[in-house]
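Engineer:
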Amino acid sequence: MSKRLPSSYGSKEGEGFDKLSPNGVGERGGVTKQVLEVTEEQVVAELAQLAAEIARHDELYHAQDAPEISDAEYDLLVRRNRALEAAFPHLVREDSPSRKVGHAPAAHLSKAPHSRPMLSLDNGFGEEDVAEFLARARRFLALPEGEMVACTAEPKIDGLSCALTYRNGLLVRAATRGDGQIGEDVTRNVRTIADVPGRLRGECPDLFEVRGEVYMAHADFRALNERQAQAGERTFANPRNAAAGSLRQLDPAVTAARPLRFFAHGWGEASAVPAASQYEMMRVIEGWGFPISPDLIRAEALDALLAHYRRIEAMRAELPFDIDGVVYKVDRLDWQARLGQVAKAPRWALAHKFPAERAQTTINRIDIQVGRTGKLTPLARLEPVTVGGVVVSNATLHNADEIARLGVRVGDRVTVQRAGDVIPQILENLTPEVEREPFLFPEKCPECGSDAVRAEGEVDIRCTGGLVCPAQRLERLKHFVSRPAMDIEGLGVKTVEEFARDGLIDTPASIFRLAAHREVILQREGWAERGTDNLLLAIEERRGFAPDRVLFAVGVRHVGQVTARDLLKHFTTLEKLGEVAARAGQEPECLAEITSVQGVGPTVAQALADFFAEEHNREAWDDLLAEARPAVFKQEIRQSPVTGKTVVFTGSLETLSRDEAKVQAERLGAKVAGSVSAKTDLVVAGPGAGSKLKKAAELGVAVTDETGWARLVAGEVDEFSMLAGEAEGG
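Quick look at the structure:
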């Protein structure tokens, strides 16, 4: 069944587009305001592709400080994902990029858990997005007509997020954002930054965590690169990468020699918050000795916020540091608390991004790269061009359809754009139709010569060689050892490439047999006994690893980190999952069992069936389980009176909106249903409750009112039976 896909994620007025490319990029760099005829099968495939591609770029940007695409191109991928999810909410993946924050902390630094998650921000790209942000807040808070939502507005620094914890006014810990839950401990390095006070001025709470951005000014960045070049050392692509690399040094002396700075923009855990608004609290933080943005304002009207955005955009080029937008935050802190958050971002904040910068250059050649899932990705090698102060020479062309849409060929003159990073997006083909050979997308894999085909309903062309293809085999091994997967310290990309090239490893299981090659490894250049033994110990420590991490590491198509956890919640062991999946291709009841898992749909179930239908995959799977011996999955359960219960809200809620009530229930570990059934545990009924309340009485389901629910949320009710008793007595 096809559907007309609308999108409200266009760029500024006057920059609409006539058509939408397969990757969601409009002809002038935004997402179309037109519509596109798509089928659910196409959407499922594209959401899977977007999840994998965005996850890879998150790893490169957050964990390795080595981005391959520009901010603008990354934002377009995220916007496309958001548009598809908005139009097809029932197809949202459990490993959706909209549910993730940052990336896993670097292995060489100590881990630092965050007491309160460090979230990312939702992005807006046009004035209509800002208007909708304010309207959503009003709806969620159920504000009366005419009541304004005042917001702060300040420049969005392009740096590295950092949380600074103070006890009794003294700095005791500094941590990067990491994946939002666990960051990297960089306390010793942060102490070398002059902008960060070791002791707060004046009176302050016993515990307070200041959050902000570590960054590098333009002049300092240029001077650092000159020193690096003169010393024959690596230079940095841009100030953000330089700041991230400098902060993550093992030696604080190296960080101290780097010109890092800090801007505060918020806070995390606090024993007390001595202000009632965002603006007032930022002034308090400034009084403690922190630099805050001189362009921080508070405004009540949409027009005032947008005017400030345009003012900052106009002076962007003259600022001494990089910014990529303006951040709006609901000013009242009690409203922030009520608005809460979605999977990875607060509802009370929005990052209004700037348009990308542009330049013109020539395509010198088009290369084809093969990924771990067999996807053939065309890469444009460009005549180097400076865009916004950064020299760029590569761009992804996404797929064959994008090449056809742009009509690009080797030798064409094109417009490219970027917004603060390295690789731009090709925006437009400027070359008229002249006599030149068109680019022919290969029908054979350039790595192994297997057929390259496009499955029905997909935009990507993939190699059919599977593990026979050396590119796929190598990329799967790289994925297997990566941080979000098995996280084997000392087994990086270059080492995997070298070991695979020399035949030391060829399957995931063979990694666990590397100890048999210890003497061979010791004979390799650069490998001493200590480093070799450390690597073998790190591999040995991964035996008995969490089974969801092992499943994700194997690289089954469409099985991301969240989906892997969902599958293991149901099957508990990889052996049981493998047995069911191996029979799913022939036995419908096995396929149905996989599909029945909460958060797992038919696409994932079919991908597992297809994976285990291949004999060489089953052999590699059995070999891996024999070597790795993964543990039984154990799920941490959050306890509350309604944990595991099913709750239904009905009638008019007077003190909170229905959305806010649902969020509260989910925070307490409950499931929210839309109708009352025998499986319902509790009905929260407001004035005007009708058929649902009647059905609850017929089925004997516990009922409470909004006051009872508020007591439960506040922790005044310790047992579910107490709440049910109140309902029966009331």
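According to the working numbering, the residues represented by the sequence shown are 1426 to 2155, in order. Just so it is clear, CB atoms sit at the ideal spot from N, CA and C, and this is done for glycine as well.
Roughly how many angstroms lie between the CA atoms of Ala1476 and Thr1802, to the nearest whole one?
Structural biologist: 16 angstroms
Engineer: For the beta strand (DSSP E) that Ile1788 lies in, which residues bound it at each end?
Structural biologist: 1782-1795
Engineer: From Gly1874 to Arg1887, what distance separates their C-alpha atoms?
Structural biologist: 12 angstroms
Engineer: Please classify Lys1406 as buried or exposed, where buried requires at least 16 other C-beta atoms within 10 Å of its C-beta.
Structural biologist: Past the edges of the chain, shown from 1426 to 2155, lies residue 1406, and the structure says nothing about it.
Engineer: Indicate the three-state DSSP secondary structure (helix, strand or coil) for Asn1614 in the structure shown.
Structural biologist: helix
Engineer: Give me the residue from Glu1553, Ala2032, Gly1799, Val2025 with the minimum Cα distance to Lys1869.
Structural biologist: Comparing Cα-Cα distances from Lys1869 to each of Glu1553, Ala2032, Gly1799, Val2025, the minimum goes to Gly1799.
Engineer: Considering only the beta carbon of each residue, do Ile1913 and Arg1967 sit closer than 8 angstroms?
Structural biologist: Yes; because the gap between Cβ atoms is below 8 angstroms, this pair is in contact.
Engineer: Under the assumption that Ile1748 contacts Asp1991 (Cβ atoms under 8 angstroms), give the Cβ distance between them as a whole number of angstroms.
Structural biologist: At roughly 39 angstroms, the Cβ-Cβ gap does not stay under 8 angstroms, so Ile1748 and Asp1991 are not in contact.
Engineer: Report, in whole angstroms, the separation of the C-beta atoms of Val1413 and Val2097, which I expect to be a contact under 8 angstroms.
Structural biologist: Outside the displayed span of the chain (1426 to 2155) sits residue 1413, for which this structure offers no information.
Engineer: Determine the direct distance from the alpha carbon of Thr2068 to that of Ala2095, and round the result to whole angstroms.
Structural biologist: 5 angstroms
Engineer: Please classify Arg1772 as buried or exposed, where buried requires at least 16 neighbouring CB atoms within 10 angstroms.
Structural biologist: buried
Engineer: Let's see if you can read the secondary structure: which residues bound the alpha helix (DSSP H) around Val1469?
Structural biologist: For Val1469, the enclosing alpha helix (DSSP H) starts and ends at 1465-1483.
Engineer: Tell me the DSSP secondary structure of Ala1578 in three-state form.
Structural biologist: strand
Engineer: Helix, strand or coil for Cys2015, going by three-state DSSP, please let me know.
Structural biologist: helix
Engineer: Identify every residue that forms a DSSP beta bridge with Glu1853.
Structural biologist: Thr1840
Engineer: State the CB to CB distance for the pair Tyr1753 and Leu1730, rounded to an integer number of angstroms; the pair is presumed to be in contact (CB under 8 angstroms).
Structural biologist: 6 angstroms
Engineer: Check the C-beta distance from Val1921 over to Glu1872 and give it rounded, since I have them as a contact under 8 angstroms.
Structural biologist: Contact flag wrong, Cβ pair sits at about 16 angstroms.
Engineer: Can you list, in chain order, the residues of its chain with a C-beta nearer than 7 angstroms to that of Asn1650? Leave out the 5 residues immediately preceding and following it.
Structural biologist: Thr1660, Phe1661
Engineer: From this set, Trp1713, Gln1467, Met1740, Arg1955, which residue's C-alpha is nearest Pro1622's C-alpha?
Structural biologist: Trp1713
Engineer: Would you mind giving the Cβ-Cβ distance between Gly1627 and Met1543, rounded to the nearest angstrom? I have them listed as a contact below 8 angstroms.
Structural biologist: Rounded, the Cβ-Cβ distance is 26 angstroms, inconsistent with contact.
Engineer: Indicate the three-state DSSP secondary structure (helix, strand or coil) for Glu1808 in the structure shown.
Structural biologist: Annotated three-state conformation of Glu1808 is strand, per DSSP.
Engineer: Is Gln1850 closer than 8 angstroms to Glu1782 when the C-beta atoms are compared?
Structural biologist: no
Engineer: Note down the Cα distance separating Val1460 from Val1555, rounded to an integer number of angstroms.
Structural biologist: Residue placement at Val1460 is flagged as unreliable, the pLDDT there being 35, under the threshold of 50; the coordinate-derived value follows with that caveat. If you take the alpha carbons of Val1460 and Val1555, they lie about 22 angstroms apart.
Engineer: What residue does the alpha helix (DSSP H) around Asp1583 start on, and which one ends it?
Structural biologist: That residue, Asp1583, is in no alpha helix (DSSP H); it is neither H nor E in DSSP.
Engineer: Check whether the Cβ atoms of Ala1941 and His1983 sit closer than 8 angstroms, and answer yes or no.
Structural biologist: no
Engineer: Roughly how many angstroms lie between the CA atoms of Thr1680 and Leu1672, to the nearest whole one?
Structural biologist: 6 angstroms
Engineer: Helix, strand or coil for Gln2023, going by three-state DSSP, please let me know.
Structural biologist: coil
Engineer: My assumption, with CB atoms under 8 angstroms, is that Asp1500 sits in contact with Lys1778. Please give the rounded CB distance.
Structural biologist: 6 angstroms
Engineer: Taking the C-alpha atoms as reference points, what is the distance between Phe2173 and Glu1579?
Structural biologist: The displayed coordinates of the chain run from 1426 to 2155. Any statement about residue 2173 would go beyond what the structure contains.
Engineer: Are Leu2078 and Glu2131 touching if we call contact CB-CB under 8 angstroms?
Structural biologist: yes
Engineer: May I ask you to verify whether the segment 2111-2128 touches the segment 1591-1603, counting CB pairs closer than 8 angstroms and requiring at least 3?
Structural biologist: no
Engineer: Label Arg1647 either buried or exposed according to how many other C-beta atoms from any shown protein chain fall within 10 Å of its C-beta, with 16 as the threshold for buried.
Structural biologist: exposed
Engineer: Ala2038 to Leu1865, Cα distance in whole Å?
Structural biologist: 33 angstroms
Engineer: Apart from the five residues just before and just after His1690, which ones in its own chain have a Cβ nearer than 8 angstroms to its Cβ?
Structural biologist: Glu1579, Ile1582, Arg1636, Gly1637, Glu1638, Met1707, Ile1717, Ser1718, Val1752
Engineer: Looking at Val2022 and His2041, is the spacing between their C-beta atoms short of 8 angstroms?
Structural biologist: no
Engineer: When the Cα atoms are used, what is the spatial distance from Ala2056 to Ala2034?
Structural biologist: A direct Cα-to-Cα measurement between Ala2056 and Ala2034 gives close to 23 angstroms.
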